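Here the structure comes first, spelled out in structure tokens, and everything after it is commentary.
Chains as they are written, first to last, in the numbering used here: chain A, 1 to 475; chain B, 1001 to 1475.
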């Protein structure tokens, strides 16, 4: 979310019609529990990086409908006075239990749980999904790209292709959590304190009589931060030689050319040749920055081809989370308990895991992540317990020497945050260290194994019992 | 763009470093012309629907850097006092020549041209691209979906999967221009005056003891706008029969059930069976609304399978513009003239068409669109003129009986709009009537022929001459 972007009506109409019907039926205050989760890890990866929690909490804390909002809603001629009066005094007074931002997560586990009065918890659905679906998608995409780059810095510069101005802001924030180190986008740099970077466009080179003149003008303005775009005319015939000329001139003045940027053609082989030319002229410290429709797959192939690249710039495919399976995380928000009683939904391929739950991570003594275990809220999983795959039901024991720790914490109570807002750097560190605990096959960019999420025996039995009850009732 | 969403720093850093270098070189005021265009029609279609102009003009009109902006920029330790002083007094004072919003456009033609002092025109690049790339993508996606639906109303409800809160707002606006009739998103409804629609979620049905009780509660609250979600438990065994019970109860009270909603399973065959059941019970007017991961291809297959559907709800794949070729329109912003002299860029597969240009559409007497002709600004294309494909150079004559009309107009001069802001309805009407002038093969959802954009003979010769000159200079 951007600066001061209170959007009380980031709500789908049906949330208010449902709330109005709850209100009329007198059940709007019933105690409800909603889980936010997704069913498939994005990009075919084995996990995701959870992001978007802080802006989501900000939305909950600021939820209120002012007179202008109420006037608009009244103009729809759908809602009665009594419901509008209820809305006018509504604040979010519930609790949120959540993974911390930056934590590694996987399909089917509840990322975030909202507990509160039914109607309140219902009307925050769209905003929570909007914020968390998108930021988790982008943080995950960034993590994949950073992995492909083998630790070389990744600069996010997707603002021009992002989905709207705020799409650009949210994308930059999430990309930073996922491991991108810098952004080109100034508003994101200011809002989130992310370091900014930038070079020139081809239009800059074209605005001068010749390429060398353009390079000299840029070096004159930024002698200590000069990265030159060398592919406007011909990379190896003119761009790199002109950059070397400017590097020499800077050196004479006691400065150093920072780098060159390649933005077209076969960047792997161009980078090797440019490196050779720079080294031969005595400029081994001039870095090579590569852009041009990159994503994790293109970067992996540049790395494999032995490209001499020091850092990568990634735009469109990072800021929009572009992947073979689409561009949206299919997170959903489902009622799992009402009035203390677990609820289940059983539509084909769209069932839910009922009840108030907690989530533990089993790791080796060395910290390697083995599996996450979802259990009933009052359970404490133990070594040796048999846990079950939520889809196939297959059982498997928690290893005897595994360490178990809870992953989620209460982050909001009574509508107020219970913890200080974490620094974005801390979220990025958490993502990096969490990813480092995962097995290589979970992080394979092409054919990943999903990081396992298992149900405790008691939860598994409750699912089975409720499913059977439902089938009987509706038979 | 949302309400009061002034974002002066929706700028990539390189635009400011370039502007600073222009400033230092004393060429920041040189008269520049930039074209905004894209090279491939999105979704493999034969055209696109141009959208985003009004928010883009709003951005230009409101461009200014306040003290807080300047303080942030100063904190980067990149810019000198003289440039920051220049920035503090900078406003956009240039002109914009553009297609109207909603017009049908095609690859390689300049959608929008910015003319103004070089540095000013440079620093608006990211914002213009961000806004127009995304909205044009979504308007085009909506137009495809509406075409697949064969004129049945399409409701946009993608807010929960859109790319950030503003991604949702911009998407709804653009989807409306492209032909979506309603939205679920209240903030978009309020901001843009788009009609809103909504039913219930599965959680609503699950919040009551039984499905029938839930349906009755909703019908009690909205007796005149009651659409019931019938797939929470079993569509044909329980959902539709319970909806029929409620339809009977509403009828006894002199009201009518508006519709049912199918959201899972084989919606084509379920809709046929539900229609049969409703008709058999005397409810031929109860409409059937279908959702569930729809896009133009799924809708086309439901229509082909004889689905009995009255309207469609489309979320994720509309609001994010999801398509086989990705989710971003690759629009670019290129310098085409400086100081009155045309400029050209020749990187492999990324060349530009130089100079100030205008665009004409050739149509039959009946209004069918034949081709667009891009020519030099002082040219007037005529019947019989040979025009050229911009990529292959192949020539073709403008038919002797074609009518020619200019497509672009000056919409901003001296930094101020020259025309009143058009109504969004008018933009949607323009899109619908523009699409109706295109040949069926341009609009084929699977294998479209690109609507042709041709260069005038004079422009074609200028491109060839400048390319040859460049090759000679750099040989």
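Backbone N, C-alpha and C define an ideal beta-carbon position, used for all residues, glycine too. Everything numeric in this text was worked out from a predicted model, so none of it was measured.
For residue i, which three-state DSSP category applies?
i: residue 203/A; result: helix
i: residue 3/A; result: Here residue 3/A scores only 36 on pLDDT, less than 50, and its place in the model should not be relied on; the value that follows carries that caveat. Reduced to three states, the DSSP call for residue 3/A is coil.
i: residue 1012/B; result: strand
i: residue 1037/B; result: strand
i: residue 79/A; result: coil
i: residue 288/A; result: strand
i: residue 1323/B; result: strand
i: residue 1455/B; result: strand
i: residue 1398/B; result: coil
i: residue 1137/B; result: helix
i: residue 1216/B; result: helix
i: residue 1312/B; result: strand
i: residue 1370/B; result: strand
i: residue 68/A; result: helix
i: residue 1048/B; result: strand
i: residue 484/A; result: The structure shown does not extend to residue 484/A, since chain A spans only 1 to 475, so no value can be given for it.
i: residue 237/A; result: helix
i: residue 1196/B; result: strand
Just the Cα atoms here: how many angstroms apart are residue i and residue j?
i: residue 1/A; j: residue 1292/B; result: A caution first: residue 1/A carries a pLDDT of 34, below 50, which makes its placement in the model unreliable, though a value can still be read off. Approximately 28 Å between the Cα atoms of the pair.
i: residue 1250/B; j: residue 133/A; result: 39 Å
i: residue 4/A; j: residue 191/A; result: Any reading at residue 4/A must be qualified, since the residue scores a pLDDT of 40, below 50, and its modelled position is unreliable; no value is offered.
i: residue 410/A; j: residue 368/A; result: 25 Å
i: residue 52/A; j: residue 1330/B; result: 27 Å
i: residue 1121/B; j: residue 1136/B; result: 21 Å
i: residue 1008/B; j: residue 1393/B; result: 41 Å
i: residue 1354/B; j: residue 1337/B; result: 7 Å
i: residue 318/A; j: residue 1167/B; result: 15 Å
i: residue 31/A; j: residue 406/A; result: 24 Å
i: residue 1014/B; j: residue 284/A; result: 25 Å
i: residue 1164/B; j: residue 171/A; result: 8 Å
i: residue 1016/B; j: residue 1346/B; result: 24 Å
i: residue 196/A; j: residue 25/A; result: 53 Å
i: residue 314/A; j: residue 157/A; result: 6 Å
i: residue 1202/B; j: residue 54/A; result: 27 Å
Bridge partners of residue i, per DSSP?
i: residue 97/A; result: 113/A, 410/A
i: residue 1375/B; result: 1358/B
i: residue 1185/B; result: 12/A
i: residue 1342/B; result: 1337/B
i: residue 442/A; result: BP columns for residue 442/A are empty, so no partner.
i: residue 1260/B; result: 1228/B, 1288/B
i: residue 388/A; result: 395/A, 455/A
i: residue 404/A; result: 362/A
i: residue 1156/B; result: 1183/B, 1314/B
i: residue 1105/B; result: 1048/B
Of all Cβ atoms in chain D, is any one closer than 7 Å to the Cβ of residue i?
i: residue 1338/B; result: No chain D appears in this structure, whose protein chains are A and B.
Cβ pair count under 8 Å reaching 3, the segment 1258–1271 of chain B against the segment 1233–1240 of chain B: yes
query: Taking a cut of 7 Å between CB atoms, which residues from the segment 39–56 of chain A lie near chain B?
result: none
Relative to chain B, which residues along the segment 122–136 of chain A have a C-beta separation below 9 Å, given in chain order? 122, 125, 126, 127, 128, 129, 130, 131, 133, 134, 135
So if I threshold CB-CB distances at 9 Å, which residues from the segment 1006–1033 of chain B count as touching chain A?
1007, 1008, 1009, 1010, 1011, 1012, 1013, 1014, 1015, 1016, 1017, 1018, 1020, 1021, 1022, 1023, 1024, 1025, 1027, 1030, 1032
For the segment 197–228 of chain A, list every residue whose C-beta sits within 7 Å of some C-beta in chain B, in sequence order.
197, 198, 199, 200, 201, 202, 203, 204, 206, 207, 217, 218, 220, 221, 222, 225
_Beta carbons nearer than 9 Å to chain B: which residues of the segment 411–423 of chain A have them?_
none
Pairing CB atoms from the segment 1264–1276 of chain B with CB atoms from the segment 1296–1308 of chain B, are three or more of them under 8 Å? yes
Can you confirm whether the segment 1171–1186 of chain B touches the segment 142–149 of chain A when touching is taken to mean that 3 or more C-beta pairs between the two stretches lie within less than 8 Å? no
Report yes or no: do the segment 1041–1059 of chain B and the segment 1443–1455 of chain B share at least 3 C-beta pairs separated by less than 8 Å?
yes
Q) Listed in chain order, which residues of the segment 1167–1193 of chain B have Cβ atoms closer than 8 Å to some Cβ of chain A? A) 1167, 1168, 1169, 1170, 1171, 1184, 1185, 1186, 1187, 1189, 1190
- Query: Are three or more beta carbon pairs between the segment 1422–1430 of chain B and the segment 1124–1132 of chain B nearer than 8 Å?
  - Reply: no
Exercise for the section: Give a yes or no on contact between the segment 395–402 of chain A and the segment 73–91 of chain A, applying the rule of three or more CB pairs nearer than 8 Å. Expected result: no
Mind checking the segment 1138–1168 of chain B against chain A and listing, in chain order, the residues whose C-beta falls within less than 7 Å of any C-beta there?
1157, 1159, 1160, 1161, 1162, 1163, 1164, 1165, 1166, 1167, 1168
| On the three-pair Cβ rule with 8 Å, is the segment 1182–1201 of chain B touching the segment 30–39 of chain A? | no
*Select from the segment 1232–1260 of chain B all residues with a C-beta closer than 8 Å to any C-beta belonging to chain A, and list them in chain order.*
1232, 1233, 1234, 1237, 1238
_Residues in the segment 1434–1457 of chain B having any Cβ partner in chain A nearer than 8 Å_ = none
Checklist entry - Can you list, in chain order, the residues of the segment 1315–1336 of chain B whose Cβ is nearer than 7 Å to any Cβ on chain A? => result 1316, 1320, 1322, 1326, 1327, 1328, 1334, 1335
Please list, in chain order, the residues of the segment 1057–1072 of chain B that have any C-beta partner in chain A closer than 7 Å. 1072
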